[in-house]
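The working numbering numbers the first residue of the sequence shown as 8 and each following residue consecutively.
The beta-carbon is built from N, C-alpha and C at its ideal position, and this holds for glycine as well.
Written out below as structure tokens is the structure these notes cover.
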Amino acid sequence: MKRRSFFGLVKPRLSYSAPPDLSSLPLEEVPASRTATFFVPGALESKELLTLKVGDIVKAGQRLAPFAASDDYAVSTLAGKVTAMEPYTDANANNFTAIMVEADAQKEWVDALDENPDLATVAANFQNGPGALCLKPVLDPEVNINTILILGMDQDLLVTAVQHVVKSRTKELAKGVKALKRITKVSKVILAAPSYLVDAVKNCDCEVKEVDTVYPNATPKLVMHKLLGITVPAGKDLIDMGVLCVSAEAVAALGESCTTGKACTDKILTLINKDEEAVNVKVRIGTPIKDVLALKSIMVNSGDRLILGGPMTGVATYSVDLPVQPDTDAIMVQDADNLSEIEDAACINCGECVQVCPAKIPVNVLVRFLENKLYVEGAERFDLLSCVDCGLCSYVCPARIPIYQYIGLAKHELSRMAPEAE
Ligand code: SF4
Ligand code: SF4
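Have a look at this one:
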């Protein structure tokens, strides 16, 4: 066990990684797979309700809207034939319909996008693009968005995908910022980037603010607090404060599409191998994870851990057949021999989680309530909903209690209770 002085509690200083030197480490591309899979929210229940079926031919850029009674859809990133439609349930028990498309030789695209698309078109076409641009709040007449916050920084350690975009696609980013302002009519746009990328974004027509590169300062709520001087109250989101937060990758994709007329289909993500070596790769959205791993000959053996996201906040998954999604910024594989055991032992009340928490939550007490499924009490008495999801409490816990996982489960359960209560 780690020995630490009771009086010598210090916060760990974990720093974000900077993107690689692009001249010495150019972006590698995952070869186009024959198939791609896309998730549409909603369970596959009744064939009578379906407007899409196995055997249908689709174009690249086409919306795959399988349900007659719902507006939900995905966007195909390749032209081909629908070969399977299956139910899929994610780690948070959300139901989706997985639509698999097999490429054909035609590579046919839907009609080109307008050079100056309107808000509704952009909202519809880019939510499934790289960075998952969500403009729904701007379309909602009951929501008042007065600021757009562009995150030009990755949110987890070892991950540099978004920074890679900022560094390498400066023209597209600048064009995207311009388009975003015109489309949304929101004039206050702030781009948050680390000091070493400030030069790269100097031509963007927006205010640029420097993010401190100590983890977890790139978390949206901390960016709001530290750079915009706005504290998001417990249980509220950035939208409630009139701020729409978007990824720089999504904005660059918008800028590129305004030039090419085509929806962007490729995502940049950080691939982290078992030695914690990270490379950024370009991959078509919908590509199976196993094809991304194959690029670097990474094997997932029995007992290894496959993680979508980075080491602090990523989510373990079980299948290399799952597809790369619009917001998959990293894929990480940990070797079975190097996994830190989660013990769920009794809390020794060392206070390290309290010391390290950027939201100043009494985590040592909160975790006891969450272990006993007392989620409402956790929220009402111990500030659960102020958590910014950084994972530092789990990282420092000497009892190896999976605090971050307890918090995630508690928030999920509370979100399920809310509609029931209404
Ligand atoms: S994940 Fe843990 S350390 Fe981070 S804000 Fe939430 S409670 Fe605090
Ligand atoms: S939960 Fe872990 S870090 Fe927090 S007080 Fe208990 S043993 Fe220490």
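How far does the alpha helix (DSSP H) with residue i in it extend, from its first residue to its last?
i	result
Ile-387	First, the residue type needs correcting, since residue 387 is Glu and not Ile in the sequence shown. 382-389 is the extent of the alpha helix (DSSP H) around Glu-387.
Pro-144	143-146
Ser-5	Lying before the first or after the last residue shown, residue 5 is absent from the chain, which here runs from 8 to 429.
Arg-375	370-378
Cys-231	In the sequence as presented, Cys is not what sits at residue 231; that position holds Met. First-last of the alpha helix (DSSP H) with Met-231: 227-234.
Asn-280	No alpha helix (DSSP H) contains Asn-280, which DSSP labels as neither H nor E.
Leu-198	Leu-198 -> not in any alpha helix (DSSP H); beta strand (DSSP E) instead, spanning 195-201.
Thr-267	255-267
Thr-128	126-133
Val-363	359-363
Would you kindly report the start and end of the unbroken beta strand (DSSP E) that includes residue i?
i	result
Gln-341	337-341
Leu-313	312-315
Glu-6	An answer regarding residue 6 cannot be provided, because it is not within the stretch 8 to 429 covered by the chain.
Val-403	No beta strand (DSSP E) contains Val-403, which is instead part of the alpha helix (DSSP H) from 399-403.
Val-215	214-218
Pro-73	It is not in any beta strand (DSSP E) - Pro-73 carries neither H nor E in the DSSP assignment.
Thr-320	Taken as a continuous stretch (DSSP letters only), Thr-320 belongs to no beta strand (DSSP E), as it is neither H nor E.
Thr-44	42-48
How is residue i classed by DSSP in three states: helix, strand or coil?
i	result
Tyr-95	strand
Asp-298	helix
Thr-154	strand
Ile-275	strand
Gly-159	coil
Ala-181	helix
Leu-21	coil
Gly-415	helix
Val-205	coil
Met-8	Because the pLDDT at Met-8 is just 34, under 50, the model does not fix this residue reliably, and the value given afterwards should be weighed accordingly. Three-state DSSP puts Met-8 in coil, outside helix and strand.
Val-288	strand
Phe-13	With a pLDDT of 40 at Phe-13, under the threshold of 50, the modelled position of that residue is not reliable, and the figure given next carries that caveat. Phe-13: coil per DSSP, three-state reduction.
Ala-186	helix
Glu-350	coil
Leu-251	strand
Leu-392	helix
Ser-422	helix
Ile-355	coil
Thr-191	helix
Ile-410	helix
Ile-246	helix
Pro-27	coil
If we call anything under 8 Å between Cβ atoms a contact, is residue i one with residue j?
i	j	result
Ile-152	Gly-242	no
Leu-302	Glu-35	yes
Asn-210	Thr-177	yes
Met-107	Thr-96	no
Ile-368	Cys-397	no
Leu-399	Cys-364	yes
Val-331	Ile-279	no
Leu-57	Pro-73	yes
Glu-359	Pro-405	yes
Asp-63	Gly-87	no
Ala-76	Tyr-203	no
Gly-293	Thr-44	yes
Kindly give me the distance between the Cβ atoms of residue i and residue j, rounded to whole angstroms, as I take these residues to be in contact under 8 Å.
i	j	result
Val-145	Leu-180	Wrong, their Cβ atoms sit about 19 Å apart, outside the cutoff.
Val-327	Leu-346	Val-327 to Leu-346, Cβ: 18 Å. No contact.
Leu-59	Leu-71	6 Å
Val-169	Glu-115	About 31 Å; that fails the 8 Å criterion.
Tyr-23	Asp-161	7 Å
Examine chain C for any beta-carbon lying closer than 8 Å to the beta-carbon of residue i, and answer yes or no.
i	result
Arg-375	The displayed structure is made up of one protein chain only, and chain C is not part of it.
Any residue with its Cβ nearer than 7 Å to a heavy atom of ligand 2 should be included. What is that list in chain order? Cys-354, Ile-355, Asn-356, Cys-357, Gly-358, Glu-359, Cys-360, Val-361, Val-370, Asn-371, Val-374, Cys-400, Val-403, Cys-404, Pro-405, Ala-406, Ile-408, Ile-410
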